[in-house]
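Novice: Pasting a structure here, questions to come.
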Amino acid sequence: MRKTKNVFLWGALVGFALLSAPAAAKVYVAEPLLVQQPPYAGMTFYVYRPYGMPKGWYMTFDGYPVFKNKDGVWVYGAYHGPNLVPTHYVVGSVIPSMAGLTPYATPAQISSFTVWQPPVRSLPEEPYTAVRQPQIKHQSRAADLPIYPTYTPEWLFDRHFMAVGKWKGSVDRLGVLHRLGTPVAWKGNSPNVLYVWTGEMWYSIMAREGQRPAGVLKENLYFLTRRTKRNGFVWYEADVPLLAQQAAVWGYYWMGEVMPR
Numbered sequence: 054m055r056k057t058k059n060v061f062l063w064g065a066l067v068g069f070a071l072l073s074a075p076a077a078a079k080v081y082v083a084e085p086l087l088v089q090q091p092p093y094a095g096m097t098f099y100v101y102r103p104y105g106m107p108k109g110w111y112m113t114f115d116g117y118p119v120f121k122n123k124d125g126v127w128v129y130g131a132y133h134g135p136n137l138v139p140t141h142y143v144v145g146s147v148i149p150s151m152a153g154l155t156p157y158a159t160p161a162q163i164s165s166f167t168v169w170q171p172p173v174r175s176l177p178e179e180p181y182t183a184v185r186q187p188q189i190k191h192q193s194r195a196a197d198l199p200i201y202p203t204y205t206p207e208w209l210f211d212r213h214f215m216a217v218g219k220w221k222g223s224v225d226r227l228g229v230l231h232r233l234g235t236p237v238a239w240k241g242n243s244p245n246v247l248y249v250w251t252g253e254m255w256y257s258i259m260a261r262e263g264q265r266p267a268g269v270l271k272e273n274l275y276f277l278t279r280r281t282k283r284n285g286f287v288w289y290e291a292d293v294p295l296l297a298q299q300a301a302v303w304g305y306y307w308m309g310e311v312m313p314r
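With the first letter of the sequence shown counted as 1, position 104 gets the number 157 in the numbering used here; the numbers rise by one all the way through.
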């Protein structure tokens with residue numbers, strides 16, 4: 054009886070708010086929808102649809118537009134002019150504000166937005182060895198303005214590493230293995246093979262039928278740890294956003310940190 058009364062009161066309050074608010078301020082009230090994120094076993098989050106949002110688009114509770122693509126994966130959206138387009142940032146893989154994404158806005162606000170585009174990185178014609186350790190900003194004595202040296206990771210100029218960008222037949226997702234900090238690539242929710250960067254080459258690991266990536270990585274974690282340490286491979290925190298950008302350039306979904314479990 055109490056539950057029925059509460060529901061009635063809630064409906065009356067919502068109805069009163071809609072009738073009393075100005076027409077321009079009306080919002081389409083919809084019950085939040087709990088959705089699942091297939092790439093991350095057990096991950097769920099709430100979305101809802103404000104009034105006037107394009108068909109197929111939803112908004113997270115922190116205000117960012119999201120879209121469920123043809124693979125059933127929820128990805129963040131970005132503005133290209135007045136239009137929302139899906140990105141390759143999987144929901145749960147990045148902090149959207151740090152990835153340069155913009156919260157959902159009204160048509161009047163969109164006109165002031167800058168078109169979002171992932172940065173395009175190209176390889177130099179001549180071989181180049183970059184300084185791997187991220188540099189600290191320095192202060193300009195002349196102009197008294199901060200100077201930020203550009204950090205360029207070594208793997209960006211490694212043809213063996215960059216070859217994964219051409220494996221679109223067997224790769225559509227890219228992430229970094231939790232704690233070990235080594236890039237991982239695969240295709241689909243139940244891949245046939247996973248590719249793990251060990252510092253010198255992409256090591257392929259076959260998966261059993263129906264096995265999820267997290268399970269494959271857990272079974273091979275000890276071997277991968279030994280292999281990367283033997284090769285002297287080190288992955289820096291500054292490498293993560295650069296690899297996320299590179300994944301977008303290749304057209305791969307960025308999965309962020311991958312937990313072996």
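From the three backbone atoms N, C-alpha and C, an ideal C-beta is built for every residue, glycine too. On a predicted model such as this, the values are computed, not experimentally measured, just so you know.
Can you tell me the Cα-Cα spacing of A216 and D124, whole angstroms?
Specialist: Position 163 of the sequence shown holds residue 216. Position 71 of the sequence shown holds residue 124. Taking the Cα positions, A216 is about 24 Å away from D124.
Novice: Secondary structure at W303, three-state DSSP: helix, strand or coil?
Specialist: Walking along the sequence shown from the start, residue 303 turns up at place 250. Three-state DSSP puts W303 in a helix.
Novice: Buried or exposed: V67, going by 16 or more other Cβ atoms within 10 Å of its Cβ?
Specialist: Counting from 1 along the sequence shown, the entry for residue 67 is found at position 14. The predicted position of V67 is uncertain, since its pLDDT is 37 and thus under 50; no value can be drawn from it.
Novice: If you drop the 5 nearest sequence neighbours on each side, which residues of the same chain put their C-beta closer than 8 Å to that of V311?
Specialist: For the purposes of this step, residue 311 is taken as residue 258 along the sequence shown, with counting starting at 1. Within the same chain, V311 has close Cβ partners G228, V229, L230, H231, V237, P266, A267, L270.
Novice: Taking only three categories from DSSP, how would you classify W208?
Specialist: To locate residue 208, count along the sequence shown from 1; it is residue 155. In this structure, DSSP gives W208 a helical state, which the three-state scheme calls helix.
Novice: From the DSSP output, in three-state form, read off Q90 for me.
Specialist: Working through the sequence shown from its first residue, we reach residue 90 at position 37. Three-state result, Q90: coil.
Novice: Apart from the five residues just before and just after E84, which ones in its own chain have a Cβ nearer than 8 Å to its Cβ?
Specialist: Position 31 of the sequence shown holds residue 84. Correct list, in chain order: Y101.
Novice: Within the chosen definition, does the segment 104-122 reach the segment 134-154 through at least 3 CB pairs nearer than 8 Å?
Specialist: yes
Novice: With distances taken between CB atoms, is the gap from P92 to V126 smaller than 8 Å?
Specialist: Within the sequence shown, numbered from 1, the residue matching residue 92 stands at position 39. Within the sequence shown, numbered from 1, the residue matching residue 126 stands at position 73. Against a cut-off of 8 Å, the Cβ pair of V126 and P92 comes out as a contact.
Novice: Do you know offhand how far P107's Cα is from H133's?
Specialist: Numbered from its first residue, the sequence shown carries residue 107 at position 54. Numbered from its first residue, the sequence shown carries residue 133 at position 80. Distance between the alpha carbons of P107 and H133: 14 Å.
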